[in-house]
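*Asks:* Take a look at the following structure, please.
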Amino acid sequence: MPVLTILPSGKTIEVEPGSRLLDAILKAEEKIQSKCGGEAKCGTCHLFVQEGKKSLSKTTRAENEQLDTIVGVGSKSRLACQANFGTENVTVELLGFDSGR
Ligand code: FES
Numbered sequence: 046m047p048v049l050t051i052l053p054s055g056k057t058i059e060v061e062p063g064s065r066l067l068d069a070i071l072k073a074e075e076k077i078q079s080k081c082g083g084e085a086k087c088g089t090c091h092l093f094v095q096e097g098k099k100s101l102s103k104t105t106r107a108e109n110e111q112l113d114t115i116v117g118v119g120s121k122s123r124l125a126c127q128a129n130f131g132t133e134n135v136t137v138e139l140l141g142f143d144s145g146r
């Protein structure tokens, strides 16, 4: 199973392929907001994928549109609620509360 590493804490957790990045982060008991309930409408789950971006599902149009509204978005940005795991390890960096807004 792929391993998710969560920065800045460095916590790691094994993840089922196909599971949602947001769910894996919550399962690891890390703090991440998801104000819209995972519908790509709030941007509060914005994070940076530092490694393994290709292992995640492709960015959807809804995700891209939401990312366009967030300050500080870069090439590593994803919405945790919209990214599903493949089979490779992934490292993400949480940006802290309200970083997406
Ligand atoms: S939880 Fe709202 S955009 Fe991801």
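Start counting the sequence shown at 46; every next residue gets the next number (my numbering).
Virtual Cβ for every residue (Gly too), placed ideally from N, Cα, C.
These figures come from a predicted structure and were not determined experimentally.
Please confirm if the region 70-79 is in contact with the region 98-108, defined as three or more CB-CB distances below 8 Å between the two stretches.
*Replies:* As far as the Cβ criterion goes, the region 70-79 does not touch the region 98-108, which means the pair count is below three.
*Asks:* Taking only the alpha-carbon atoms, compute the straight-line gap between C90 and E138 and give it to the nearest angstrom.
*Replies:* The alpha-carbon atoms of C90 and E138 are separated by roughly 11 Å.
*Asks:* Quick one: residues in its chain with C-beta nearer than 6 Å to the C-beta of L112, no 5 flanking neighbours on either side, listed in chain order?
*Replies:* The answer, listed in chain order, is V118 and S122.
*Asks:* Just to confirm my understanding: we take N134, look at its own chain, exclude 5 residues before and 5 after, and list those with CB closer than 8 Å. What are they?
*Replies:* Within the same chain, N134 has close Cβ partners P47, V48, L49, T50, E96, G97 and S100.
*Asks:* Taking the continuous beta strand (DSSP E) assigned at E59, which residues delimit it?
*Replies:* Looking at the DSSP string, the run of the beta strand (DSSP E) that includes E59 is K56 to E59.
*Asks:* By a C-beta neighbour count over all protein chains shown, 10 Å radius and 16 as the cutoff for buried, is C87 buried or exposed?
*Replies:* By the neighbour-count rule (16 or more Cβ atoms within 10 Å), C87 is buried.
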